[in-house]
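**Student:** Residue numbers (the working numbering), protein chains in the order written: chain A, 5 to 132; chain B, 594 to 1132.
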Amino acid sequence: MSANLLIAVVDDDDSAREAAVSLVRAMGFAASGFRSAAEFLDSGEMARTVCLITDVRMPGMGGLDLHRHLVASGTPIPTILVTAFPDETTRARALKAGVGSYLAKPFEPDELLGCIRSAFAQGTGRPS
Amino acid sequence: MRSPRRVQGDHPFLLSTSPPSRNQERLAVCVLVVLVVELLVTMPFARIPLTGTEVLLPAYGAAILLIELITSALLLALFSVQQSRAVLVLAIGYLFSGLMVVPWMLTFPDVFDALGLDAGLQATASIAALRRLGFPLFVLAYALSKDGATSAPRFQGSVRKAIVGSVAGTLAAAGGLTWFILANDDSLPNFMRNARNVTDLWLYVPTMAVFLYLTALAVLFVRRRSVLDLWLMVVLCTLLIEIILLSYISAGIRLSVGWWGGRSYGLASASIVLLVLLSESTTLYARVARSVSAERRARETRLTAMEALSALIAHEINQPLASMVTNAAAGLRWLEKKDPDLGEVQAALKRIVNDGHRAGTVIESIRTMFKKDTRDRVPLDVNQLIEEVLGRCRDDARLGRVTVETALEPGLPTVTGNPIQLQQVLSNLVSNAIDAMCPVTGRARVLRVTSRSQVPGEVMVSVEDSGSGVDPELRGRIFEPFFTTKPDGMGMGLMFCRLIIESGGGRLWADDNVPHGAVFRFTLPGSDDGVWPVGEQAR
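1. Can you name the start and end residues of the beta strand (DSSP E) that Asp-1028(B) belongs to?
2. Whose C-alpha, out of Arg-95(A), Phe-44(A), Glu-22(A), Phe-38(A), is nearest the C-alpha of Gln-939(B)?
3. Should Ile-774(B) and Leu-669(B) be called a contact, given that it needs their Cβ atoms to be closer than 7 Å?
4. Using a Cβ cut-off of 7 Å (strictly closer), state whether Lys-100(A) contacts chain B.
5. Secondary structure at Ile-84(A), three-state DSSP: helix, strand or coil?
6. Assuming Leu-810(B) and Val-866(B) are in contact, meaning their beta carbons sit under 8 Å apart, how far apart are those beta carbons, in whole angstroms?
7. How long is the line joining the alpha carbons of Gly-851(B) and Trp-697(B), rounded to whole angstroms?
8. With a threshold of 16 other CB atoms inside 10 Å of the CB of His-71(A), please say whether the residue is buried or exposed.
9. Taking just the CA atoms, how far does Ile-1071(B) sit from Ala-24(A)?
10. Would you identify the three-state DSSP class for Met-62(A), choosing helix, strand or coil?
11. Between the Cα of Arg-816(B) and the Cα atoms of Trp-772(B), Leu-839(B), Phe-784(B), Val-732(B), which residue gives the shortest distance?
12. CA-CA distance, Leu-839(B) and Ala-802(B)?
13. Would you report the Cα separation of Val-629(B) and Tyr-806(B), rounded to the nearest angstrom?
14. Consider the Cβ of Gln-912(B): report whether some Cβ of chain C lies at a distance smaller than 7 Å.
15. Nearest chain B C-beta to Ser-105(A) closer than 7 Å, yes or no?
16. What residue range does the alpha helix (DSSP H) around Ile-660(B) cover?
17. Is it buried or exposed, Leu-633(B), if we count other Cβ atoms within 10 angstroms and call 16 or more buried?
18. In whole angstroms, give me the CA-to-CA distance for Asp-59(A) and Glu-909(B).
19. Along the chain, which unbroken stretches of the alpha helix (DSSP H) at least 4 residues long are found entirely within the stretch 913-995 of chain B?
20. Please state whether DSSP places Glu-873(B) in a helix, a strand or coil.
21. Between the stretch 7-19 of chain A and chain B, which residues of the former have CB atoms less than 9 Å from a CB of the latter, in chain order?
22. DSSP on Ser-857(B), reduced to helix/strand/coil?
23. Taking a contact to mean a Cβ-Cβ separation below 7 Å, would you say Pro-1012(B) touches Leu-973(B) in this structure?
24. As an exercise, report each continuous alpha helix (DSSP H) stretch of at least 4 residues that is fully enclosed by the stretch 602-633 of chain B, in chain order.
25. For chain A, check one thing: does any of its Cβ atoms lie closer than 7 Å to the Cβ of Ala-915(B)?
26. Please state if the CB of Glu-1051(B) and the CB of Thr-1116(B) are separated by a distance shorter than 7 Å.
27. Could you check which residue in Glu-661(B), Arg-619(B), Pro-702(B) has the C-alpha nearest to that of Leu-649(B)?
28. Once the 5 residues before and after Ala-718(B) are set aside, which same chain residues still bring their CB inside 6 Å of it?
29. What's the C-alpha gap between Ser-609(B) and Gly-1099(B)?
30. With Val-1054(B) and Arg-1114(B) assumed to form a contact (beta carbons below 8 Å), what rounded beta-carbon distance in angstroms separates them?
31. Along the stretch 23-38 of chain A, what residues have a CB closer than 8 Å to any CB found in chain B?
32. Which chain A residues are close to Glu-937(B), counting only those with a beta carbon under 9 Å from its beta carbon?
33. Taking only three categories from DSSP, how would you classify Phe-1089(B)?
34. In terms of residue numbering, what span does the alpha helix (DSSP H) encompassing Met-826(B) cover?
35. Roughly how far, in whole angstroms, is the beta-carbon of Ala-693(B) from the beta-carbon of Ile-660(B), given that I think they are within contact range, below 8 Å?
36. Tell me, please, whether the CB atom of Pro-110(A) is closer than 7 Å to any CB atom in chain B?
In structure tokens form, the structure reads like this:
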């Protein structure tokens, strides 16, 4: 896989973010962590981000809103939503908004890997 | 030594124990004024005969009979709650007075001729005399036997037996007296000259009645305490006016204006206590309904607080736990590589350590939050604590028809604890016991609270009920959080009880009660060897 392609992890919880970044990197992907949706949007890394792993509940813009924002600005990124408090309403809203996966923390590494792979598959049609 | 006794109840809401309000006193005076005005208005016309008004007598008698029977029944109900002998005596008085109306009416000249009832000339007047003199005697007995402020001479035997016995006795007495009067018309005192007019001998009856009314009034006035006393005084005044109208102003002429006026007072006096009983019951009912809904609201608020607390705990603990799992998974992935990156593994392990500390801090801060309350630990008198809690649960016990008994050992060693928390434990156990007896029928519902000292300087408290007991299979689980056998229970009560008792160095457990029900016991260490809650520095 191209080292140029990045997986972005957006989570306000330091430990959770660093853990996810470390896990994704251990799986062989390039990964970067961002404290907030705003930090990610301002980072200039959007163009090479092939998959977005983001927490649902964050101060400021939440994960679902970030995804919607990207879709609305014409730069959709395949998204994996993660949350420590899964609920059916959010899952339904996420799937409706075109979010590929909705995972409960703590997630199984293989489950996350599956999600990343399908996000990659989803993202291959995308001009890079 | 232990001294088993009933809890002395002051029943703050009962008609026979609560003092009258200023408004009730004013109302009573107003009623009296109206009655006296009516008397003055009637006086000039008192001796005008109203012939042919016998037909109204059955209606009058039926009304009196019904009113006095209902009053008696309500007073008996009051007796069953308060178990005061005085109230029982008064109930019997009303029953007797009501029953004696029946023969009085049936023997009244020219009323029931069609039925072929032909009693002697003197029968009606003799029955009237018995009724007239009997009722104030019962009121007098009530006033003399009624309790002082709190030292109630309580009825000790079975309430049901007392009620059945006294009703049967009154029926027998009324029947026996009637039979005697009807069978021995010749030997009765000559009260009546003819069907309409009385003899001079009759005048002794109203004189004696006036004397009895005034005596009872005086005794009631001196010993008056309750709403019931106040209105009984009004009743006696009404009866006094009645007898003055009947026997003096209308000169005892039957069916005259004054005589009927007197009868209207009789009706009023019979109704007064009934009306007061009914209005007080309605007020009490409204009060109970209000407090039940307030209690329900409080319970719902508590539920929300508990839910918020558990959500908070779940949220604060779940985050570091999830991170730990993910960090461990990442560390394993790095180790599984052909060329393990130990720097990454080390970083993951460090994050796990931090997460562990983070979770520990959350738990510690929650504990500190609860510890704030446990810090005010003071020497406590367990018996006083029990009395306070039982005093607060008394209304619940009464509504649940539960008899509360205590066997408190005098001179218990003091224990150290937080009074509010220990009260919570006790009232939780007591209300559990009352709830457990709700489905019980066919045997007494008895809540028994016992305290006693035992070596080494410990105090043991037992809360026994006569409910259906705890299923042995569930006994191990009732102290678990979120375990409940109640349809609307949270399953937190017993868990918190055990936490509080154990944090004070005591134990809480459940046993079977003999022959029915469950008993919850807890021990508290004496003040001298009090154990501080875990984590708190010994001082």
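Think of the CB as a built atom: it goes at the ideal place given N, C-alpha and C, for glycine as much as any other residue.
**Tutor:** Taking the geometry as given:
1. Here residue 1028(B) is taken as the residue at index 435 of the second sequence, counted from 1. Here Asp-1028(B) belongs to no beta strand (DSSP E); instead the alpha helix (DSSP H) covers 1012-1030.
2. Along the second sequence, read from residue 1 onward, the residue named residue 939(B) stands at position 346. The option with the nearest alpha carbon to Gln-939(B) is Glu-22(A).
3. Sequence index remark: in the second sequence, residue 774(B) carries index 181 (1-based). Sequence index remark: in the second sequence, residue 669(B) carries index 76 (1-based). Their beta carbons are not under 7 Å apart, which means Ile-774(B) does not touch Leu-669(B) by this criterion.
4. By 1-based counting over the first sequence, the position of residue 100(A) is 96. No, because no Cβ of chain B sits closer than 7 Å to the Cβ of Lys-100(A).
5. Working through the first sequence from its first residue, we reach residue 84(A) at position 80. Ile-84(A) falls in the strand class under three-state DSSP.
6. For this step, residue 810(B) is matched to residue 217 along the second sequence. For this step, residue 866(B) is matched to residue 273 along the second sequence. Incorrect: roughly 15 Å between the Cβ atoms, too far for contact.
7. Along the second sequence, one-based indexing puts residue 851(B) at 258. Along the second sequence, one-based indexing puts residue 697(B) at 104. About 19 Å.
8. Numbered from 1 along the first sequence, position 67 holds the residue referred to as residue 71(A). His-71(A) is buried by the Cβ-count criterion.
9. Numbered from its first residue, the first sequence carries residue 24(A) at position 20. Numbered from its first residue, the second sequence carries residue 1071(B) at position 478. Taking the straight line from one Cα to the other gives about 41 Å.
10. Walking along the first sequence from the start, residue 62(A) turns up at place 58. It is coil, neither helix nor strand.
11. Here residue 816(B) corresponds to residue number 223 of the second sequence, with the count starting at 1. Comparing Cα positions, the closest option is Val-732(B).
12. Position 246 of the second sequence, counted from the first residue, corresponds to residue 839(B). Position 209 of the second sequence, counted from the first residue, corresponds to residue 802(B). Rounded to whole angstroms, Leu-839(B) to Ala-802(B) spans 12 Å at the Cα level.
13. By 1-based counting over the second sequence, the position of residue 629(B) is 36. By 1-based counting over the second sequence, the position of residue 806(B) is 213. About 16 Å.
14. In the displayed structure, chain C is absent; the protein chains listed are A and B.
15. Along the first sequence, read from residue 1 onward, the residue named residue 105(A) stands at position 101. False, the Cβ-Cβ gap to chain B never drops below 7 Å.
16. Here residue 660(B) is taken as the residue at index 67 of the second sequence, counted from 1. Here the alpha helix (DSSP H) through Ile-660(B) covers 649-675.
17. Translated into positions along the second sequence, residue 633(B) becomes position 40. Leu-633(B) is exposed by the Cβ-count criterion.
18. The residue labelled residue 59(A) in the question sits at position 55 within the first sequence. The residue labelled residue 909(B) in the question sits at position 316 within the second sequence. Cα to Cα, Asp-59(A) sits roughly 16 Å from Glu-909(B).
19. 935-967, 975-992
20. Position 280 of the second sequence holds residue 873(B). In this structure, Glu-873(B) counts as helix in the three-state DSSP scheme.
21. Asp-17, Asp-18, Ser-19
22. If you number the second sequence from 1, residue 857(B) lands on position 264. Helix.
23. For the purposes of this step, residue 1012(B) is taken as the residue at position 419 of the second sequence. For the purposes of this step, residue 973(B) is taken as the residue at position 380 of the second sequence. For Pro-1012(B) and Leu-973(B), yes; Cβs fall inside 7 Å.
24. none
25. Within the second sequence, residue 915(B) is the residue found at index 322, counting from 1. For Ala-915(B), the answer is yes, since a Cβ of chain A falls inside 7 Å of its Cβ.
26. Looking up residue 1116(B) in the second sequence gives position 523. Looking up residue 1051(B) in the second sequence gives position 458. Cβ atoms of Thr-1116(B) and Glu-1051(B): closer than 7 Å.
27. As a working mapping, residue 649(B) is identified with position 56 in the second sequence. Nearest option by C-alpha distance: Pro-702(B).
28. On the second sequence, position 125 is the one that residue 718(B) refers to. Phe-784, Met-785, listed in sequence order.
29. Position 16 of the second sequence, counting from 1, holds the residue named residue 609(B). Position 506 of the second sequence, counting from 1, holds the residue named residue 1099(B). Cα-Cα distance, rounded: 43 Å.
30. The residue labelled residue 1054(B) in the question sits at position 461 within the second sequence. The residue labelled residue 1114(B) in the question sits at position 521 within the second sequence. With 8 Å as the limit, Val-1054(B) and Arg-1114(B) qualify as a contact, their Cβ atoms being about 7 Å apart.
31. Ala-23, Ala-24, Ser-26, Leu-27, Arg-29, Ala-30, Met-31
32. Here residue 937(B) refers to the residue found at position 344 of the second sequence. Within 9 Å Cβ-Cβ: Ser-26, Arg-29, Ala-30.
33. In the second sequence, the residue the question calls residue 1089(B) occupies position 496. Correct three-state label for Phe-1089(B): helix.
34. Position 233 of the second sequence holds residue 826(B). 820-836 is the span of the alpha helix (DSSP H), which, as asked, contains Met-826(B).
35. Position 100 of the second sequence, counting from 1, holds the residue named residue 693(B). Position 67 of the second sequence, counting from 1, holds the residue named residue 660(B). Note on residue identity: the sequence assigns Met, not Ala, to residue 693(B). Incorrect: roughly 14 Å between the Cβ atoms, too far for contact.
36. Start at 1 with the first residue of the first sequence, and residue 110(A) comes out as number 106. Yes, because at least one Cβ of chain B sits closer than 7 Å to the Cβ of Pro-110(A).
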